[in-house]
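Q: Here it is, the structure, as structure tokens.
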Ligand SMILES: Nc1nc2c(ncn2[C@@H]2O[C@H](COP(=O)(O)OP(=O)(O)OP(=O)(O)O)[C@@H](O)[C@H]2O)c(=O)[nH]1
Ligand SMILES: [Mg+2]
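In the numbering used here, the protein residues as written are 193 to 591.
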């Protein structure tokens, strides 16, 4: 059986190395944090993540799959543990001990490593590292990383578990997982469903980038409010850029038997909303906007203001990257977003990347959608279920 040890500065990088070198079926046997040798004999060396793995071991791999989620892997005990290989001295140490003096490029690299080292030390001085962390908690940490939870948040959650639990309590992985799920749940804020009262018209608009599922979600909401809650619902679309987009909504309006207005100017918007004064709920569909297009965002803001929208739901696809989702949420804040709808949960390989967005954009979640079926594939966002989905303890129902 061949054991290989890999080192990298983050767990993500280390696991990517394992996958690249040993393939997707490799079993991760052991993970730990190590420091490389001391700098100038004074400062502690740089922190690395060390992963020992093998492709000849038949234990369930803890390696995150490249394109689908594994669940419940936390309880898998490794078949064996390897003795870590001696650390290869980092480049800056090798070159410091060698002569003649390094060329300019190498000096630049050394400075870069020193800078990383100092940043690392600063980070560590703000909180505890994981170096003295019990093995069980380190498994918890890697489990979170597998779920695509960002490293900083994973550290924070594990650190909180460490402060709460001692000794034998740490041996209960199911309890620790449940505790982490509750911590994530406490981070998630929800708005509940759109509140309608018969006879008091409420206007709810859906905005967001192109193709995220705004029109489909409007159709799901309209059908549910009309057919299940027996509300009087109307549709307005300001999507006049593409004829097909208007026709898409019109088709739903005809099937569900709803009045629909198409508007192309803010003035028409005011008139359309006035005509729907007798309804309980007006759902407004909008054209997908690039979050980078300031002019179109301002135009959208003018439409929403003329409509007197009571709520503006930003629709984001859960398959987007954290960075893109965060930037999009930031830019759309300018039009007065009040809630967040996450779509395409059925297509997302993991939801860990969505967590930082929910934290930073501060919008409460209203609905989640998990498929193309109208009207079924939508649910009211519930923190407990979403937290479990983030951790892979529950999956979006796919029909
Ligand atoms: N898998 C999956 N597909 C979805 C979901 N919601 C919408 N879609 C699909 O995503 C595609 C785009 O949906 P639309 O509703 O037209 O998106 P949109 O945001 O209105 O698009 P634009 O009007 O062009 O900006 C369609 O093929 C939908 O069937 C979902 O929850 N899961
Ligand atoms: Mg649309």
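No residue lacks a Cβ here, since even glycine has one placed at the ideal position from N, Cα and C.
Here the structure is a predicted model, which is why all the values come from computation and not from measurement.
#1: On the DSSP bridge list, what partners appear for residue 428?
#2: Could you tell me the boundaries of the alpha helix (DSSP H) in which residue 438 lies?
#3: Have a look at residue 434 and residue 407 and give me their C-alpha separation to the nearest angstrom.
#4: Roughly how many whole angstroms lie between the Cα atoms of residue 198 and residue 333?
#5: Ligand 2 heavy atoms versus the CB of residue 407: any closer than 6 Å?
#6: Which residues does DSSP pair with residue 534 in a beta bridge?
#7: Among residues of its own chain, excluding the 5 on either side of residue 261, which ones have a beta-carbon nearer than 7 Å to its beta-carbon?
#8: Could you please give the first and the last residue of the uninterrupted beta strand (DSSP E) stretch that includes residue 398?
#9: Once you ignore the five residues that flank residue 337 on each side, which residues in its own chain have a CB closer than 8 Å to its CB?
#10: Can you list, in chain order, the residues of its chain with a C-beta nearer than 7 Å to that of residue 339? Leave out the 5 residues immediately preceding and following it.
#11: Mind checking whether residue 511 and residue 536 have CB atoms under 7 Å apart?
#12: Check whether the Cβ of residue 561 lies closer than 6 Å to any heavy atom of ligand 1, and answer yes or no.
#13: Starting from residue 593 and walking both ways along the beta strand (DSSP E), at which residues does that stretch end?
#14: Residue 200 by DSSP, collapsed to three states: which one?
#15: What does the alpha-carbon distance come out to for the pair residue 522 and residue 553?
#16: Just how far apart, CA to CA, sit residue 493 and residue 504?
#17: By Cβ distance, which residues of its chain are closer than 6 Å to residue 385, with the 5 residues on each side in sequence left out?
#18: Roughly how many whole angstroms lie between the Cα atoms of residue 464 and residue 396?
#19: Mind listing, in chain order, the continuous beta strand (DSSP E) runs of no fewer than 3 residues lying wholly within the segment 332-407?
#20: Would you say residue 430 and residue 524 are within 7 Å of each other, going by their C-beta atoms?
#21: From which residue to which residue does the alpha helix (DSSP H) around residue 195 run?
#22: In angstroms with no decimal places, state the Cα-to-Cα distance between residue 526 and residue 485.
#23: Can residue 436 be considered in contact with ligand 2, in the sense that its beta carbon sits closer than 6 Å to one or more heavy atoms?
#24: Just the Cα atoms here: how many angstroms apart are residue 530 and residue 226?
#25: Can you list, in chain order, the residues of its chain whose CB lies under 7 Å from that of residue 200, leaving out five sequence neighbours each side?
#26: For residue 424, which residues of its own chain have a beta-carbon under 6 Å away from its beta-carbon, when the five flanking residues on both sides are left out?
#27: Over what stretch of residues does the alpha helix (DSSP H) that includes residue 518 continue unbroken?
#28: Per DSSP, what kind of secondary structure is residue 243 in: helix, strand or coil?
#29: Starting from residue 571 and walking both ways along the beta strand (DSSP E), at which residues does that stretch end?
#30: Going by DSSP, what residues sit across from residue 328 in a beta bridge?
#31: Specify whether the segment 349-360 and the segment 369-377 touch according to this definition: at least 3 beta carbon pairs, one from each stretch, less than 8 Å apart.
#32: My understanding is that residue 520 touches residue 483, with C-beta atoms under 8 Å, so please give their C-beta distance in whole angstroms.
#33: Counting Cβ pairs, one atom from each stretch, are 3 or more of them under 8 Å apart for the segment 412-422 and the segment 444-459?
#34: Suppose you measure from the CA of residue 562 to the CA of residue 539; what does that come to, to the nearest Å?
#35: Under 7 Å, do residue 441 and residue 477 count as touching if we go by C-beta distance?
#36: Name the two residues that bound the continuous alpha helix (DSSP H) containing residue 499.
A: If we stick to the structure as given:
#1: Partner(s): 453 and 476.
#2: First-last of the alpha helix (DSSP H) with residue 438: 435-448.
#3: Approximately 13 Å between the Cα atoms of the pair.
#4: So the alpha carbons of these two residues sit roughly 17 Å apart.
#5: At least one heavy atom of ligand 2 is nearer than 6 Å to the Cβ of residue 407, so yes.
#6: Residue 534 is bridged to 508 and 560.
#7: For residue 261, the pLDDT reaches just 39, beneath the cut-off of 50, and the residue's location in the model is therefore unreliable, although a value from the coordinates is still provided. Residues 541, 542 and 584 of the same chain have their beta carbon placed closer than 7 Å to that of residue 261, with the five preceding and five following residues left out of the count.
#8: That run of the beta strand (DSSP E) goes 394-399.
#9: Counting only residues of its own chain and dropping the five nearest sequence neighbours on each side, residue 337 has a CB closer than 8 Å to the CB of 203, 204, 207, 256, 343 and 346.
#10: 542, 544, 582, 583 and 584, listed in sequence order.
#11: Contact check for residue 511 against residue 536 passes: the beta carbons are separated by less than 7 Å.
#12: Answer for residue 561: yes, Cβ within range of ligand 1.
#13: Outside the shown range of the chain, which is 193 to 591, sits residue 593, and nothing can be said about it.
#14: For residue 200, the secondary structure class from DSSP, reduced to helix, strand or coil, is strand.
#15: Rounded to whole angstroms, residue 522 and residue 553 show a C-alpha spacing of 7 Å.
#16: So the two alpha carbons sit approximately 10 Å from each other.
#17: Beyond the five residues adjoining it in sequence on each side, residue 385 comes within less than 6 Å, by CB distance, of 572 in the same chain, given in chain order.
#18: Cα atoms of residue 464 and residue 396: separation of roughly 14 Å, rounded to the nearest angstrom.
#19: If we require 3 residues or more, the beta strand (DSSP E) runs fully inside the segment 332-407 come out as 394-399.
#20: Taking C-beta atoms as the reference points, residue 430 and residue 524 fail to come closer than 7 Å.
#21: Annotation: residue 195 is outside any alpha helix (DSSP H) and is labelled neither H nor E by DSSP.
#22: Rounded to the nearest whole angstrom, the C-alpha separation of residue 526 and residue 485 is 12 Å.
#23: Because no heavy atom of ligand 2 lies under 6 Å away, the Cβ of residue 436 does not count as near it: no.
#24: Looking at the two C-alpha atoms, the distance is approximately 45 Å.
#25: The beta carbon of residue 200 lies closer than 7 Å to those of 206, 209, 240 and 241 in the same chain, with the five residues before and after it left out.
#26: Correct list, in chain order: 471 and 472.
#27: Looking at the DSSP string, the run of the alpha helix (DSSP H) that includes residue 518 is 514-524.
#28: The answer is strand: DSSP assigns residue 243 an E or B state.
#29: Counting along the chain, the beta strand (DSSP E) containing residue 571 begins and ends at 570-572.
#30: None; residue 328 has no bridge partner.
#31: By the Cβ criterion, the segment 349-360 is in contact with the segment 369-377, since at least three pairs of Cβ atoms, one from each stretch, lie closer than 8 Å.
#32: Right, the Cβ-Cβ distance comes to about 4 Å (below 8 Å), so this counts as a contact.
#33: The segment 412-422 vs the segment 444-459: in contact.
#34: The alpha-carbon of residue 562 is positioned some 8 Å away from that of residue 539.
#35: Result yes, Cβ atoms of residue 441 and residue 477 sit closer than 7 Å.
#36: Its alpha helix (DSSP H) spans residues 486-499.
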